[in-house]
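Trainee:
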Amino acid sequence: MKRFEVYKNIRKGAVIMGLPISLFALMMTSVIGSLLFIIFSFSFAVIVSVFLWNGALYTMLTHLTKNPALMHINKVFPQTISNKRSSHLYYEKD
Numbered sequence: 002m003k004r005f006e007v008y009k010n011i012r013k014g015a016v017i018m019g020l021p022i023s024l025f026a027l028m029m030t031s032v033i034g035s036l037l038f039i040i041f042s043f044s045f046a047v048i049v050s051v052f053l054w055n056g057a058l059y060t061m062l063t064h065l066t067k068n069p070a071l072m073h074i075n076k077v078f079p080q081t082i083s084n085k086r087s088s089h090l091y092y093e094k095d
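Next up, the structure:
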């Protein structure tokens with residue numbers, strides 16, 4: 002009998018053009034912004050620089066997707082908070 006995954010787990014692994022959905026949205030935001038930049042300041046240097054920017058951004062995002070350890074951010078807060086002493090030294094006098 003076939004087993005199917007839960008739909009929300011399928012969405013977590015969704016990929017568009019090799020990028021997760023959040024990074025793809027960032028890429029599309031950059032593309033739309035660069036199109037607006039081209040429209041309002043039309044010159045050959047701007048067009049070339051925009052293509053280079055979007056190409057470099059896409060390469061960087063795909064590289065980060067393939068190597069997620071490069072983008073690992075440590076959490077600020079610990080998983081649990083405890084009053085237990087982290088040191089076994091006793092500093093108080095008897």
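Quick note on numbering: the sequence shown equals residues 2 to 95 in the numbering used here. Cβ atoms here follow ideal geometry from the backbone N, Cα and C, with glycine treated the same way. As the structure is a computational prediction, the values presented were derived from the model and not from experiment.
Rounded to the nearest angstrom, what separates Gly14 and Pro21 at their Cα positions?
Mentor: Whole-angstrom Cα-Cα distance: 7 Å.
Trainee: Just reading off the alpha helix (DSSP H) that Leu36 is part of, what are its end residues?
Mentor: It spans Ile22 to Phe41 - the alpha helix (DSSP H) in which Leu36 sits, taken as one unbroken run.
Trainee: Between Ser35, Met2, Arg4 and Met28, which lies nearest to Leu62 when the distance is taken from Cα to Cα?
Mentor: Per the Cα distances, Met28.
Trainee: Just to check my reading of the structure: Ile39 and Val51 have Cβ atoms closer than 8 Å, yes? What is that Cβ distance to the nearest angstrom?
Mentor: Confirmed, Cβ separation roughly 6 Å.
Trainee: What residues in its chain sit with their C-beta under 6 Å from that of Leu44, if we drop five residues either side in the sequence?
Mentor: Checking the sequence, you will find Ser at residue 44 rather than Leu. Nothing meets the Cβ criterion.
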